[in-house]
Amino acid sequence: MKIKIHRGTHQIGGCITEIKTAKARIIIDIGSELPTAEKKKDTGIAIEGVTTGKPDCDGIFVTHYHGDHIGMFEKVLPEVPIYMGEIAKQIFAVVQQAIKTKLKKGNPELIETFKTFTPGKKLKIKDITITPLMVDHSAFDAYALLIEAEGKRILHTGDFRMHGARGKKMPLVFAKYAGNLDVLITEGTMLGRPGEKVMTEHEMGKIAEKLMRENKNTLVLCSSTNIDSIAAFYNAAIANRKPFIVYDFQDDILKIMNATSKSSYYDFTRQTVYKYNPKNKKLHDYMNSRGFCMMIRANNRANSVPQQVMKAFPDNLLIYSLWAGYLEKHRPAYDEYKAEFIDNAIKTGSKFAELHTSGHATAEDIKKLCEITKPKIVIPIHVEEPQAFTRLGIKGNIKVLNDGEFFDC
Numbered sequence: 000m001k002i003k004i005h006r007g008t009h010q011i012g013g014c015i016t017e018i019k020t021a022k023a024r025i026i027i028d029i030g031s032e033l034p035t036a037e038k039k040k041d042t043g044i045a046i047e048g049v050t051t052g053k054p055d056c057d058g059i060f061v062t063h064y065h066g067d068h069i070g071m072f073e074k075v076l077p078e079v080p081i082y083m084g085e086i087a088k089q090i091f092a093v094v095q096q097a098i099k100t101k102l103k104k105g106n107p108e109l110i111e112t113f114k115t116f117t118p119g120k121k122l123k124i125k126d127i128t129i130t131p132l133m134v135d136h137s138a139f140d141a142y143a144l145l146i147e148a149e150g151k152r153i154l155h156t157g158d159f160r161m162h163g164a165r166g167k168k169m170p171l172v173f174a175k176y177a178g179n180l181d182v183l184i185t186e187g188t189m190l191g192r193p194g195e196k197v198m199t200e201h202e203m204g205k206i207a208e209k210l211m212r213e214n215k216n217t218l219v220l221c222s223s224t225n226i227d228s229i230a231a232f233y234n235a236a237i238a239n240r241k242p243f244i245v246y247d248f249q250d251d252i253l254k255i256m257n258a259t260s261k262s263s264y265y266d267f268t269r270q271t272v273y274k275y276n277p278k279n280k281k282l283h284d285y286m287n288s289r290g291f292c293m294m295i296r297a298n299n300r301a302n303s304v305p306q307q308v309m310k311a312f313p314d315n316l317l318i319y320s321l322w323a324g325y326l327e328k329h330r331p332a333y334d335e336y337k338a339e340f341i342d343n344a345i346k347t348g349s350k351f352a353e354l355h356t357s358g359h360a361t362a363e364d365i366k367k368l369c370e371i372t373k374p375k376i377v378i379p380i381h382v383e384e385p386q387a388f389t390r391l392g393i394k395g396n397i398k399v400l401n402d403g404e405f406f407d408c
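Just so it is clear: in the sequence shown, position 247 is 246 by numbering that gives the first Met the number 0, and no numbers are missing.
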């Protein structure tokens, strides 16, 4: 087998990995680049047979629905099939529909053409066998992919962690399916953030429960697709007997979870979820009498609903449950809209708290993964400094590739 990382060997995001045999060619992830100091927008990448020229690819396998792993999906040649998890496909379609409705972009119709795979069920593509392994990540229904062909075993982790709601199961999953690897292709996002504190989703939920007990009205700025964190805040609201309020398409995403998830942790029917409507006086009166937890967004200045809620309920706590880097001006990912929104909220009397946990594997998680899977070769991706892997004490050869470089497995 041949492995080529088209993009992602020395950067976080924009990941595209090719695996090729004598008979088949597949791509894992087709992500857009995250902003950097050098460039604020993805300039794109042309891949012969995948995004340009004559079709020459047997399938693109998307590990999860975050833009830095799927953002280039519209550039894929129409003859090349795209695969992802069934629930992930449904969530991504809702997000794309919201983008189309609000911004006149998005392509939910194309998402409907995607094929799906099932966790643990082998999928044969010519002489390649692919086994999707559901992993713990801040995107729901995320996967690592076990690739078997020509007598070799490769595991591509996608983005993963071991401190989320499903984190304790990860060592068991890797031990059952992915032992004795020839090659491990793994993310290393957190190796560039050694000072960043990582708590478990359970710990975050307990702190949220305490904050809601101490504050009558709580607004939470959180990704609409970070189902683990939303569930943690939902459970905290239940513990405090407070109504749980959401906005427009957030409600659609939670309905997908109710219809598809088999875990009670993601059961959003245990207490009524209310969709916010500023004209609903009964809901306002109920929120005023009981207090509330409301999930909000702040992606642009035109999003006035959070400001309306803060004006109607001035005694509130605003919880920021996103990566802190979005609020730091020196970072390329700085989000002026979110920073401006929070500044205005604090100026008008909101209390403020940061409460978030990473969606990515810690150094300890990566070491544990290597101990379980025993790879002969480790290829770092989704990492700014791949050489950091050499300092982890991992057994096996650390192979640092450059973008576009072929590696013979």
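Where a beta carbon is used, it is the ideal one built from N, C-alpha and C, also for glycine.
Check	Outcome
Any 3 or more C-beta pairs closer than 8 Å across the segment 53–64 and the segment 76–83	yes
Any alpha helix (DSSP H) of 4 or more consecutive residues that is wholly inside the segment 56–133	66–69, 85–102 and 107–110
Per DSSP, the bridge partner or partners of L316	T217 and K350
Own chain residues within Cβ distance below 6 Å of N266, not counting five before or after	In the sequence on display, residue 266 carries Asp and not Asn. Excluding residues within five positions, none has a Cβ falling inside 6 Å.
Nearest candidate by alpha-carbon position, reference V377, set I46, I86 and L154	L154
Delimiting residues of the alpha helix (DSSP H) encompassing L171	M169 to Y176
Option nearest I124 by Cα separation, candidates V93, P118 and Y82	Y82
Exposed unless 16 or more other CB atoms sit within 10 angstroms - verdict on F405	exposed
Distance CB(I86)-CB(I229) smaller than 8 Å	no
Beta-carbon gap between V382 and I11 smaller than 8 Å	yes
Nearest neighbour of M169, chosen from V197, S262 and L368 [CA to CA]	L368
One or two residues paired with H155 in a DSSP bridge	L144 and I184
Whole-angstrom C-beta distance between T389 and I397, which should lie under 8 Å	5 Å
Proximity below 8 Å, CB of L218 to CB of V308	yes
Span separating the alpha-carbon of A36 from that of I184	Residue placement at A36 cannot be trusted, given a pLDDT of 48 that sits under 50; what the coordinates show is reported in the next sentence. If you take the alpha carbons of A36 and I184, they lie about 26 Å apart.
D67 vs G105 beta-carbon contact at 8 Å	no
Segment limits, alpha helix (DSSP H) that includes F139	Note, F139: premise wrong, no alpha helix (DSSP H); not H, not E.
Separation of A297 from E363, as counted between CA atoms	33 Å
Cβ neighbours of E195 in the same chain (closer than 6 Å, five flanking residues each side left out)	none
Where D140 falls, given that 16 or more other Cβ within 10 Å makes a residue buried	buried
Straight-line Cα distance separating I15 from I25	10 Å
Proximal residues to M211 (C-beta, below 7 Å), its chain only, five neighbours per side dropped	T217, A235, A236, N239, K241 and C292
DSSP three-state assignment for R411, whether helix, strand or coil	Missing from the structure shown is residue 411; the chain here goes from 0 to 408 and no further.
Straight-line Cα distance separating K366 from R330	28 Å
Assigned secondary structure, H5 (DSSP; H/G/I helix, E/B strand, else coil)	strand
Rounded straight-line distance, which links the Cα of Q270 to that of D251	16 Å
Host beta strand (DSSP E) of I25 (start-end)	R24 to I27
Member of G119, K209, K120 and H65 whose CA lies at the smallest distance from the CA of Q95	H65
Unbroken alpha helix (DSSP H) run spanning Y233, endpoints	I226 to A238
DSSP-derived helix/strand/coil call for T259	helix
Close Cβ partners of K88 (< 7 Å) along its chain, the five nearest in sequence each way excluded	I110, F113 and T115
CA-to-CA distance, G290 to G43, given in whole angstroms	46 Å
Separation of K375 from V182, as counted between CA atoms	6 Å
Whole-Å CB distance - D135 paired with G178, under 8 Å assumed	Wrong, their Cβ atoms sit about 19 Å apart, outside the cutoff.
Pick from A344, Y285, I318 and H63 that is closest to K310, judged by C-alpha positions	A344
Coarse secondary structure for R160, derived from DSSP in three states	strand
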